[in-house]
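A quick write-up on the structure given underneath.
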Amino acid sequence: MKVYKVLKLNHLIKSHRIKFLGLWFLNMANKRTIAVFLDPVLACNFRCKMCNFSNDSYVKEKMKGILKEEDLEQIAMASFKNALKLQIGCAAEPTLFNHNKKLIEIAKRYKVPHISMVTNGNLLTNESIVDYVNAGLNEFIISVHGVTKKTYENFMERGSFDLFHQTLALISEQKKSNPKLLLRINYTFNEDNFYELTDLFTSYKDYAIDVIQLRPIDKVGEGTVYNNYSLKKIEIDYKTISNKLKIEAEKSAITLIYPSSISRNEQQTSIVATANNSNYLMPFVFCYISPRFYWKEGFDYKNETFLEWKKRTGWNKVLFKNIFTSKNKLGSMNRNILNYSIDVN
Ligand SMILES: C[S@@+](CC[C@H](N)C(=O)[O-])C[C@H]1O[C@@H](n2cnc3c(N)ncnc32)[C@H](O)[C@@H]1O
């Protein structure tokens, strides 16, 4: 649960200047400052309607590539020493990759404090769950877009609601022998699947869930099959329902991650009206890696480490300057990724 406490602390510190001061200090000391989000394979077995994978031309053009097993060590060497967490899977489906166990073992060797996997869960088997957990995986994050079978299979095309439940049961069983293993649910909501959330706790009462994230639909790209990004119709009910869920979560000792408000400028759906400044840190802590990309343009992971790159690019100076930069100037990067309230129960 440590990683959720760090997130909560980050959320509680409101001043972006203090956040950058802390980040600068940690970078100067070459500590762990980044969260690595790694897509080992750019493919998916689902075609979720809210996701880019529902856009055929996007998939054909952009979703190609798979990491080579022999590249894993080098990928790790460049940045895992500085990683606070590794999340396997980000924009694509990680269970299609055959070397996750090895990847987890390598991350463990680099003492990455929190290793999670985000997945639709349909391809997980008891064997792979045991393998990943024994290798050192700390958390499974299972994505879901509907509480009922009808909504789940409508929004998560090619997905099986029964397999989803089977996976929750297998992980819950695994937690009996590994109580520290975390099970998290990511519920992405829109105007059409939102009200089902009122049945969330009764539907999942048999599973050992530790964390639930409520994710408002975001405009991830053009051309997704479901493209109603407006949340206007549910804005008022959101307060009531999320408050009820918060009470339920408290009763069940579940950590609830949710935005305190979903009001946003509908003309710019990715920008959220918020007083929190966590998202200003995103470009400086969010490290995305895929077969096509590594951290920042020009970062050559085969020939340099994160520390060498920081020295080469004057990274620490940029962080130091940001302590004195106004929110307005930093604001162009402002996205809603970290604007969540976190109730650690
Ligand atoms: C794109 S998926 C990729 C990882 C994996 N295939 C999975 O299903 O978890 C990553 C997360 O984004 C969520 N997601 C999908 N479409 C979204 C959207 N339009 N807005 C916000 N989150 C979305 C998914 O529910 C999932 O939790």
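For the sequence shown, the numbering used here begins at 88 and goes up steadily by one. Positions of the beta carbon are idealized from the N, C-alpha and C atoms, including for glycine. The structure displayed is predicted, hence computed values, not measured ones.
Please identify the residue among K237, D387, P303, H252 whose C-alpha is closest to the C-alpha of Q161.
D387
What is the DSSP secondary structure of E160, reduced to helix, strand or coil?
helix
Output the residue ranges of the beta strand (DSSP E) runs that lie fully inside the segment 203-261 and measure 3 residues or longer, sorted by chain position.
226-231
Does N97 come out as helix, strand or coil in the three-state DSSP assignment?
helix
Count the other CB atoms within 10 Å of the CB of E226; is the residue buried (16 or more) or exposed (fewer)?
buried
Using 10 angstroms around the beta-carbon of T206, count the other beta-carbons present and answer buried if the total reaches 16, otherwise exposed.
buried
Hey, quick one: how far does the beta strand (DSSP E) through L173 stretch, first residue to last?
170-175
Judging by CA-CA distance, which residue of E353, I321, I344, E322 is the nearest neighbour of L332?
I344
Use the C-beta contact count for Y291: other C-beta atoms within 10 angstroms, 16 or more gives buried, fewer gives exposed.
buried
List the whole-angstrom C-beta distance separating I105 from V372, where the pair is believed to meet the contact cut-off of C-beta under 8 Å.
15 Å between Cβ atoms; not a contact.
Regarding S102 and ligand 1, is the C-beta to nearest heavy atom distance less than 6 Å?
no
So for N277, helix, strand or coil by DSSP?
coil
Beta carbon of I272 nearer than 7 Å to that of I296
yes
Near G418, what residues of its chain come up, given a Cβ to Cβ distance below 7 Å and the 5 sequence neighbours on each side ignored?
none
Counting along the chain, where does the alpha helix (DSSP H) carrying V123 start and finish?
Careful: V123 lies outside any alpha helix (DSSP H), inside the beta strand (DSSP E) at 121-125.
Would DSSP call F184 helix, strand or coil?
coil
Counting only the same chain and skipping the five closest in sequence on each side, list residues whose C-beta sits under 7 Å from that of Y381.
Y388
Helix or strand or just coil, what does DSSP make of T285?
helix
Does the distance between the C-beta of E244 and the nearest non-hydrogen atom of ligand 1 fall short of 6 Å?
no
Helix or strand or just coil, what does DSSP make of Y381?
strand
When every heavy atom of ligand 1 is checked, does at least one fall within less than 6 Å of the C-beta of N207?
yes
Are there any heavy atoms of ligand 1 lying less than 6 Å away from the beta-carbon of I299, as far as the coordinates show?
no
Under a three-way DSSP split, which group does Y375 fall into?
strand
Proximity to D158 [Cα-Cα], best of N187, V231, C138
N187
For the pair the segment 198-214 and the segment 140-160, tell me if three or more CB-CB distances fall below 8 Å.
no
Would you check if there are 3 or more beta carbon pairs closer than 8 Å linking the segment 275-287 to the segment 320-327?
yes
Roughly how many whole angstroms lie between the Cα atoms of E395 and K326?
47 Å
Answer with buried or exposed for S203, where buried requires no fewer than 16 other C-beta atoms within 10 angstroms of its C-beta.
buried
From what residue to what residue does the alpha helix (DSSP H) around L394 run?
393-400
How many Å lie between V231 and F133 at the Cα?
12 Å
Could you tell me the boundaries of the beta strand (DSSP E) in which Y345 lies?
342-345
Quick one: Cα of R438 to Cα of I328, how far?
Coverage of the chain is limited to positions 88 through 432, which leaves residue 438 absent and any answer about it impossible.
Cβ neighbours of F248 in the same chain (closer than 6 Å, five flanking residues each side left out)
K236, Y239, E240
Please tell me whether I334 has its Cβ less than 7 Å away from any Cβ of chain D.
Note that chain D does not occur in the displayed structure, where there is just one protein chain.
Ignore the nearest five residues each way along the sequence and tell me which others in V217's own chain have a CB closer than 8 Å to its CB.
Q261
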